[in-house]
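Numbering (this note's numbering), first residue to last: 37 to 517.
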């Protein structure tokens, strides 16, 4: 049965749900903010959905008896009630502090058609009727929460409806007779419809909305290595104009999840209202991703002579290194070399107003490739580099691109004497620019998925960089299917 709550899960309700508070002192890695404009859009979409769903509603039959002068007691029955048309004119969806959401509809009307029967002893007559129900108002409070699994749940905490006016018009052989007690009939219609409206809403929340919310995953797979935790950390923080929802926003290893040794920073969100929805994404989300990929050795590399361009004057051979490492050439004449690089620690992404940067520390060990696949270590380098980053947004993800900076190379250890490492910078720069950075950028192009429900499209985005977090504002469009 489709009803008032039917459209809400298809829009933003999944992002508005609260859960049991997280650990004391923990900050969210991601905040979803729904502004008054976003809630207004949901309310407008809900009117469209409710108006179409009302035609599917089956209203209850009702019967009774009434005494009429000169006729005595008359039994009546109204059946086959059908909502013929409806006009829903006004709605609103507001955050309800310490509760959830308040949804209301006002100044609306529906038209009901059906059949009537009258029995007076052996006399049985029937006909049809037309009811105009005007001045309908509905007020619903939705309580938002979570189950122990971290999945969201929703329930109706209160519901009320009121009908200002009911007009019944009857046709048939004794339609004039029924019109004699139209006040009683209209009163019964009013009570039946007011009760049915809230019954429908309660049933829809239980049968439609709650099962839908159960399909909302707490975690989302990014790739074979990593997933993202979108579990909710605490109840929504509501004001008169917006609702903030706190999500963990942590990237974790799919192979073995372990506690993160640092907390997400506090995010001081700006007071922006020009877009329907905002996402504040802490550097915590990106830096936990860096931990995962560092642990699996995603950025480790091996560089051999067959990866050097044929036109290069410098080869990864001891012969090519003779000029600046003569002892290496004497000890291992005309032998190929291999450079193996590891990232010393996970490179963290730093957020400052209008700027994204990162500093990576690498260690590169050189080996001579002896017969029988033996690798003999000969020297070890320390490499430092600073990179800047740009981020872009598509309809569902944040994607990025790294811009390399200059590298600095330092000789850490050598078994072939002290030598000048400047010439090696040329080879290392070539490798980083043509192999390592493209690999990282390919991964960043896969993107950071935003917590969206199905059928939601984002458009008209704006992306700002603040201290410790990104602030993405966007409007939303619900794609009807």
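Each residue gets a CB set at the ideal place from its N, CA and C atoms; glycine is no exception. Here the structure is a predicted model, which means the values were calculated and not measured.
Note on residue 383: 16 or more other CB atoms within 10 angstroms of its CB, so buried under the neighbour-count rule.
DSSP lists no bridge partner for residue 290. Approximately 5 Å separates the beta-carbon atoms of residue 178 and residue 136; this is inside 8 Å, confirming the contact.
Around the beta carbon of residue 271, 16 or more other beta carbons lie within 10 angstroms, which makes this residue buried. Distance from the CA atom of residue 219 to the CA atom of residue 230, rounded to whole angstroms, is 17 Å. Here residue 311 is actually not in contact with residue 94; their C-beta atoms are around 40 Å apart, not less than 8 Å.
Scanning its chain for C-beta atoms nearer than 6 Å, with the 5 sequence neighbours on each side dropped, one finds around residue 73 the residues 312, in chain order. Burial check for residue 266: the Cβ neighbour count within 10 Å reaches 16 or more, so the residue is buried. For residue 351, the CB contacts under 8 Å within the same chain, skipping 5 residues up- and downstream, are 341, 344 in chain order. Taking a contact as a CB-CB distance under 8 Å, the pair residue 364 and residue 410 does not count as one, their CB atoms being some 16 Å apart.
Looking at 122, 464, 69, the one whose alpha-carbon comes closest to that of residue 85 is 122. Between residue 207 and residue 175, the C-beta gap is not smaller than 7 Å, which leaves the two residues out of contact.
Within the model, the alpha-carbon separation for residue 347 versus residue 441 is close to 24 Å. Comparing alpha carbon positions, the residue from 140, 236, 200 closest to residue 222 is 200. Here residue 504 carries a coil assignment [DSSP, helix/strand/coil]. Rounded to whole angstroms, the gap between the alpha carbons of residue 422 and residue 396 is 6 Å. Setting aside the 5 residues that flank it on each side, residue 371 is surrounded in the same chain by 354, 404, each with a C-beta closer than 6 Å to its C-beta; the list follows chain order.
Looking at the DSSP output, residue 201 shares a beta bridge with 170.
In the structure shown, residue 80 adopts helical secondary structure according to DSSP, grouped into three states. Between residue 188 and residue 129, the alpha-carbon positions lie close to 19 Å from each other. DSSP places residue 322 in the uninterrupted alpha helix (DSSP H) bounded by 319–331.
For residue 481, same chain residues with a beta-carbon under 6 Å away, outside a window of 5 residues either side, are 435 in chain order. DSSP places residue 478 in the uninterrupted alpha helix (DSSP H) bounded by 473–482. Taking C-beta atoms as the reference points, residue 454 and residue 417 fail to come closer than 7 Å.
For the 7 Å CB-CB criterion, residue 145 and residue 173 do not form a contact.
The Cβ neighbour count for residue 412, taken over all protein chains shown within 10 Å, is under 16; the residue is labelled exposed.
In this structure, the alpha-carbon of residue 79 lies about 29 Å from that of residue 303. Residue pairing for residue 185: DSSP places it in no beta bridge. For residue 429 and residue 392, the gap between their C-alpha atoms comes out near 15 Å.
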